[in-house]
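Residue numbers (the working numbering), protein chains in the order written: chain H, 795 to 960; chain Y, 59 to 277. Presented below is the structure to which this report refers.
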């Protein structure tokens with residue numbers, strides 16, 4: 795084979811591998827599903843399982859948050875869909891909110907989910923048009939979750955008077 | 059050096075090192091980005107390798123070669139630098155006092171290697187010893203100290219390090235697989251260094267071997 799052709803192939807292979815390595819280090823995929831999902835999201839062809847998402851939404855509205863998250867996880871296995879991640883974060887928020895306390899661990903998981911949603915959304919802006927929710931944007935939800943996580947104590951009787959943004 | 063080695067084997071070996079150097083296996087897979095100190099250490103090692111002739115960049119990039127050939131040379135150089143950074147990334151502890159001590163120790167050791175580098179064999183051997191001992195320190199000694207379940211090595215080390223607060227030494231424990239990945243990474247890296255194009259010192263050595271008479275004749 796001609797020298798130029800061999801060298802061009804070598805450069806293309808090395809360049810592609812280097813690009814893939816940079817991508818892996820920046821996206822940090824945990825599973826093969828996440829890797830392939832993130833790759834397809836990068837080129838704009840990622841699709842969630844709509845049936846599983848509908849199931850998750852039904853459980854969410856019935857306040858069955860653990861079941862809702864299982865369904866949402868099944869719908870968005872690669873954690874690349876902003877809307878699904880938003881609902882997952884919201885489910886942690888609702889489950890973690892108590893009348894006189896907040897569950898910081900659940901809030902922290904919610905924060906991680908809303909961060910994923912914001913990272914996956916175009917220009918980091920996520921707005922969910924759902925009349926059943928009091929917060930529609932990722933920024934509002936993140937602020938609420940951060941407030942809960944940063945509170946000095948989980949038990950605070952003063953939260954009795956605080957409005958729960960259901 | 060054959061064309062296949064230059065165009066495919068060297069870049070792919072070094073890219074494999076670049077990929078694996080930051081892999082840490084815990085409850086999840088982490089691809090750890092290299093610290094800035096790893097870049098500085100990589101520059102020092104690269105300089106030592108060039109100085110001793112273990113790596114001859116002029117054989118990969120020179121005016122007699124075509125643009126594409128020189129680009130292949132640049133690729134080898136770039137991937138080698140990335141692999142060196144990641145090789146250091148794999149042996150430098152992640153946090154705390156051990157990280158500081160080892161970075162300073164490696165810095166001094168590499169400066170010494172750079173200053174004293176005489177021939178290729180010594181520098182390659184020195185590199186293998188440096189990386190090998192850092193591997194043992196991080197993945198066997200520090201890993202044993204950081205092991206929450208304990209073990210005979212931890213008990214021995216605790217007895218030896220009586221009075222030292224473990225909080226300053228302990229690292230975040232990683233899965234057993236991390237050590238195996240690091241070992242493979244370092245083996246690949248040292249293998250890659252061994253097949254790098256070396257400086258051709260044949261003509262100079264022939265003149266030296268022939269003695270001063272030959273030099274006078276030549277003049």
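Note that CB positions come from ideal geometry on N, CA and C, so glycine has one too.
DSSP state of residue i, grouped into three classes?
i                      : result
residue 77 of chain Y  : helix
residue 970 of chain H : Residue 970 of chain H cannot be examined here, being either before or after the span of chain H that is shown, 795 to 960.
residue 896 of chain H : strand
residue 261 of chain Y : Residue confidence for residue 261 of chain Y is low, a pLDDT of 42 falling below 50, so the modelled location carries little weight and cannot support an answer.
Would a C-beta distance cut-off of 8 angstroms place residue i and residue j closer than the cut-off?
i                      : j                      : result
residue 249 of chain Y : residue 72 of chain Y  : no
residue 78 of chain Y  : residue 207 of chain Y : no
residue 831 of chain H : residue 872 of chain H : yes
residue 61 of chain Y  : residue 922 of chain H : no
residue 145 of chain Y : residue 241 of chain Y : no
residue 143 of chain Y : residue 69 of chain Y  : no
residue 942 of chain H : residue 896 of chain H : yes
residue 850 of chain H : residue 869 of chain H : yes
residue 99 of chain Y  : residue 165 of chain Y : yes
residue 105 of chain Y : residue 182 of chain Y : no
residue 908 of chain H : residue 883 of chain H : yes
residue 90 of chain Y  : residue 824 of chain H : no
residue 920 of chain H : residue 866 of chain H : no
residue 914 of chain H : residue 835 of chain H : yes
residue 255 of chain Y : residue 123 of chain Y : no
Give me whichever residues DSSP pairs with residue i in a beta bridge.
i                      : result
residue 931 of chain H : H:921
residue 83 of chain Y  : Y:87
residue 67 of chain Y  : According to DSSP, which records beta bridges pairwise, residue 67 of chain Y is partnered with nothing at all.
Tell me which same chain residues have a C-beta within less than 7 angstroms of the C-beta of residue i, skipping the five on either side of it?
i                      : result
residue 84 of chain Y  : 232 and 233
residue 196 of chain Y : 149 and 151
residue 805 of chain H : none
residue 885 of chain H : 854, 859, 862 and 863
residue 903 of chain H : 886
Using a Cβ-Cβ cut-off of 6 angstroms (strictly less than) and excluding sequence neighbours within five positions of residue i, which residues of its own chain qualify?
i                      : result
residue 199 of chain Y : none
residue 184 of chain Y : 171
residue 273 of chain Y : Reliability of the predicted coordinates at residue 273 of chain Y is poor, the pLDDT of 44 falling under 50, and the value obtained from them is presented with this limitation in mind. Cβ neighbours of residue 273 of chain Y beyond the five flanking positions: none.
residue 237 of chain Y : 197
residue 239 of chain Y : 78 and 81
residue 828 of chain H : 872
residue 192 of chain Y : 149
Taking 7 angstroms as the cut-off, is the CB of residue i close to at least one heavy atom of the ligand SAH?
i                      : result
residue 252 of chain Y : Ligands in the displayed structure: none, and consequently the ligand SAH is not present.
Tell me which residues share the same chain as residue i and place their Cβ nearer than 8 angstroms to its Cβ, disregarding the 5 neighbours each side in the sequence.
i                      : result
residue 855 of chain H : 926
residue 230 of chain Y : 84, 152, 153 and 204
residue 167 of chain Y : 188
>> If the cut-off is 8 angstroms on Cβ atoms, which residues from the region 828-858 of chain H count as contacting chain Y, listed in chain order?
In response: none
>> To be precise: take each residue of the region 116-145 of chain Y, compare its Cβ to all Cβ atoms of chain H, and keep it if any distance is under 7 angstroms. Which residues remain?
In response: 126, 127, 129, 130, 133 and 137
> When you check each C-beta in the region 796-808 of chain H against every C-beta of chain Y, which residues fall closer than 9 angstroms?
Replying inline: 797, 798, 800, 801, 802, 803, 804, 805, 807 and 808
> Between the region 83-101 of chain Y and chain H, which residues of the former have CB atoms less than 8 angstroms from a CB of the latter, in chain order?
Replying inline: 86, 87, 88, 89 and 91
> Which of the residues in the region 229-259 of chain Y, read from start to end, lie with their CB under 8 angstroms from any CB of chain H?
Replying inline: none
>> Taking beta-carbon pairs under 7 angstroms, can you tell me which members of the region 812-826 of chain H lie near chain Y?
In response: 812, 815, 818, 819, 822 and 824
> What are the residues of the region 65-81 of chain Y that lie near chain H, defined by any Cβ-Cβ distance shorter than 8 angstroms?
Replying inline: 65, 66, 69, 70, 73, 76, 77 and 80
> When you check each C-beta in the region 155-169 of chain Y against every C-beta of chain H, which residues fall closer than 7 angstroms?
Replying inline: none
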